[in-house]
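Chemist: For the sequence shown, this note's numbering assigns the number 91 to the initial residue and increments by one for each residue that follows. Please read through the structure below; I'll follow up with questions.
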Amino acid sequence: MTLDEYIRVFRRYWYVLAIGIVAGVLVAATAAFLQPKTYTADSSGFITTPTQANDGGNSVGSAVAGDSYAKSRAKSYADLGKTRAVAQEVVDKLGLKTSPEDLVGQISVSVPLNTVTVKVTAKASTPQGASDLANAWIAAMGTQIARLESGQATDSSADAKGAESQGEPAATLTPLESAVVPTSPSSPNLKLYLAIGALVGLVAGLVYALVRRQYDRRIRSSDDIRRATETPIVGTLPIQNSLVNSRSRLSAAFGSSADPAKVEASTRQLNEALRELRTNISFLDVDRPPRSIVVTSALPGDGKSTVAANLAAVFSETGSTVVLIDGDLRKPTVADSFNLSGDLGLTDVLAGRTTLDVAMHRWSDERALFVLPAGSVPPNPSELLSSDAFHDLVKSFTEEGATVIIDAPPLLPVTDAAVLTARSDGALLVVAAGQTRVDSLSAALERLDSVKGRTLGVVLNRVPTKGLDKGAYGYYQGDYYGASEKGHEKTSVLQKGKTERPRRRRPAASQRHDRGNAREETSVSIESFFTDADPVPSHAPTKRPLLGDDTRP
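This is the structure we're talking about:
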């Protein structure tokens with residue numbers, strides 16, 4: 091991983107780091123609160139030697155000699171301060187119930203380098219106890235040193251004559267600085283505990299974030315796709331909040347009455363990304379650009395229908411003829427996206443129940459965009475999509491120069507998209523950022539390869555433009571094969587601020603062609619469908635059928 095990738099990981103999982111720090115601080119604070127408090131007090135003593143009166147008047151020499159002698163004895167006195175004899179004297183003096191051995195563990199005796207000072211540090215559970223213990227220890231050491239230096243500690247039977255011959259002790263320990271009652275405990279050190287807790291929590295959060303990212307199989311960026319496959323990335327589409335968690339799938343900027351000055355910045359950004367996608371598709375093969383394009387995804391909810399609808403709209407901006415076919419016969423959505431009647435459509439044309447001029451709609455008089463809804467839900471979607479009749483229909487569109495975009499079902503739940511791709515110019519595989527997993531992408535590409543289908547490229551959809559990854563919308567609720575909702579009102583983003591367009595009513599039985607005549611009419615030159623279509627007035631509340639002549643023989 092590069093430095094930028096580490097930074098992105100830490101930014102994505104900042105909340106984990108914050109939780110780790112807070113948890114570490116709370117644990118450290120709790121541990122500090124539960125740990126017994128310890129108070130520390132310091133006292134010190136000064137080692138002195140008696141002045142020799144008969145040194146011949148050389149007082150400086152006597153002082154130097156005495157100082158050297160005191161320094162030589164200092165370390166021995168520090169060791170003496172840790173003996174049981176000193177501890178027992180302190181226990182007797184303070185009336186403590188602690189054993190001398192345990193009391194020695196509460197004391198630290200040290201001698202600063204090149205000094206004649208002895209420092210005693212005492213620890214106790216109370217401030218006053220620590221102060222009394224430090225002062226008593228210095229006093230007890232002074233007593234023991236005096237006994238040792240005068241010989242009383244080692245020869246208790248010495249008589250007065252011996253004492254006179256010995257004279258004064260060679261060195262004594264005089265209290266220098268008494269201990270002060272501490273005002274705050276020395277242990278636990280709350281600041282140190284909190285700092286360590288925060289550091290440990292931060293490290294734990296970092297480790298968790300890195301491990302989580304290492305085992306996170308969701309695709310979040312183009313780099314993840316490049317690491318997983320060699321399939322080119324032909325487009326990256328930013329997330330648009332107006333299309334998330336909504337039945338609307340067509341960008342507001344493609345509405346016939348959309349005011350460019352009032353289009354939101356996020357919408358403009360999406361539209362520019364769609365135009366870039368259109369350009370990339372056109373340059374996949376300059377001599378023979380793809381004319382029939384299948385738009386699919388690995389699993390439901392990746393936004394492939396949104397991409398298909400908007401891609402058809404952006405292709406029609408160039409003035410070319412575009413036909414959008416709803417090939418998702420199990421869960422059709424194209425009619426809803428364009429606010430068109432979906433009662434009749436592709437399946438009805440292929441089954442001979444209606445003609446193409448009735449089933450197909452021209453979306454706007456300003457664009458040569460024709461929409462063919464799915465129609466009635468058939469019992470055999472795969473068979474219909476793999477039939478020669480369907481592919482002859484698509485071929486007739488492309489031969490007349492139209493670009494055909496087919497909104498296909500997801501690849502992994504059903505085989506429809508693979509069947510369509512095998513007999514088209516190629517497929518666009520839509521991947522939802524932060525949702526689609528690498529395993530799903532690989533499985534989808536393998537399915538396309540198994541039918542010798544051409545993968546035009548991967549489209550990374552719903553890429554966040556700021557902040558953390560957000561939840562992606564999805565219209566596939568529950569079982570993919572389950573029945574669609576009944577009784578709900580089909581809406582579209584095009585309805586906002588407009589008069590609702592009534593549904594196209596299915597022609598009466600007396601007005602329908604018989605099945606044989608209808609099948610013959612599906613083979614009529616598609617060129618006449620495009621050239622004979624009546625323009626639709628911009629104020630018209632309903633979409634006219636593709637054919638201008640809606641008469642029956």
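Ideal Cβ positions, reconstructed from N, Cα and C, are used throughout, including at glycine. Keep in mind that this is a model prediction, so the values were computed, not measured.
When the Cα of Asp313 is compared with those of Asp169, Leu550 and Thr555, which residue comes out closest?
Modeler: Leu550
Chemist: Can you tell me whether Asn204 is buried or exposed? The criterion is at least 16 other CB atoms within 10 Å of its CB, across all chains shown.
Modeler: So Asn204 counts as exposed.
Chemist: Would you check if there are 3 or more beta carbon pairs closer than 8 angstroms linking the region 129-143 to the region 205-222?
Modeler: yes
Chemist: If you draw a straight line from the alpha carbon of Ala177 to that of Asn279, how long is it in whole angstroms?
Modeler: 28 angstroms
Chemist: Is it a yes or a no for the region 369-388 touching the region 511-529, going by three-plus beta-carbon pairs under 8 angstroms?
Modeler: yes
Chemist: Note down, in chain order, each residue of its chain lying with its Cβ closer than 8 angstroms to the Cβ of Ser477, except the 5 sequence neighbours on either side.
Modeler: Leu440
Chemist: Work out the CA separation of Gly110 and Leu475 for me, nearest whole Å.
Modeler: Those two C-alpha atoms are separated by around 54 angstroms.
Chemist: Could you check where the alpha helix (DSSP H) with Tyr298 kicks off and where it finishes?
Modeler: Leu280 to Tyr305
Chemist: Take Lys183 and list the residues in its own chain whose beta-carbon comes closer than 6 angstroms to its own, dropping the five residues that flank it on each side.
Modeler: Cβ neighbours of Lys183 beyond the five flanking positions: Ala226.
Chemist: Less than 7 angstroms between the C-beta atoms of Ala269 and Ser221, yes or no?
Modeler: yes
Chemist: Tell me which same chain residues have a C-beta within less than 6 angstroms of the C-beta of Val413, skipping the five on either side of it?
Modeler: Phe460, Phe487, Ala492 and Val494
Chemist: For Asn470, is the classification buried or exposed, using 16 other Cβ atoms within 10 angstroms of its Cβ as the cut-off for buried?
Modeler: Exposed, because fewer than 16 other Cβ atoms sit within 10 Å of the Cβ of Asn470.
Chemist: By a C-beta neighbour count over all protein chains shown, 10 Å radius and 16 as the cutoff for buried, is Tyr283 buried or exposed?
Modeler: buried
Chemist: Using the DSSP secondary-structure output, state which residues sit across from Leu132 in a beta bridge.
Modeler: The sequence as given places Asp at residue 132; Leu does not occur at that position. Note: Asp132 sits in a beta bridge opposite Thr211.
Chemist: Taking the alpha-carbon positions, what's the Pro190 to Ile286 distance?
Modeler: 35 angstroms
Chemist: Roughly how many whole angstroms lie between the Cα atoms of Thr612 and Arg365?
Modeler: Per-residue confidence for Thr612 stands at a pLDDT of 40, beneath the threshold of 50, marking its modelled position as unreliable; the derived number appears in the next sentence. Taking the straight line from one Cα to the other gives about 33 angstroms.
Chemist: How about the region 531-550 and the region 412-429: do they share at least three Cβ pairs that are nearer than 8 angstroms?
Modeler: no
Chemist: Going along the chain, which residues of its own chain have a beta-carbon closer than 6 angstroms to the beta-carbon of Val41, five neighbours each way excluded?
Modeler: Since the first residue of the chain shown is 91 and the last is 643, residue 41 is not available in this structure.
Chemist: Could you give the DSSP three-state label for Lys267: helix, strand or coil?
Modeler: Sequence inspection shows Glu at residue 267; the Lys mentioned does not correspond to that position. Glu267 falls in the strand class under three-state DSSP.
Chemist: Hey, how far is the Cα of Asp529 from the Cα of Val448?
Modeler: 42 angstroms
Chemist: Assign Gly195 to buried or exposed, taking buried as 16 or more other Cβ atoms, counted over all protein chains shown, within 10 Å of its Cβ.
Modeler: exposed
Chemist: Can you tell me which of Val484, Asp169 and Ser277 puts its alpha carbon nearest to the alpha carbon of Gln125?
Modeler: Ser277
Chemist: Which of helix, strand or coil does DSSP assign to Gly219?
Modeler: helix
Chemist: So is Lys165 buried or exposed if we call it buried at 16+ other beta carbons inside 10 Å?
Modeler: exposed
Chemist: Residues bridged to Pro328 by DSSP?
Modeler: Per DSSP, Val553.
Chemist: Quick test of your reading: Val424 and Pro463, contact by CB under 8 angstroms. State the CB separation rounded to the nearest angstrom.
Modeler: 6 angstroms
Chemist: Any idea what DSSP makes of Ala108, helix, strand or coil?
Modeler: helix
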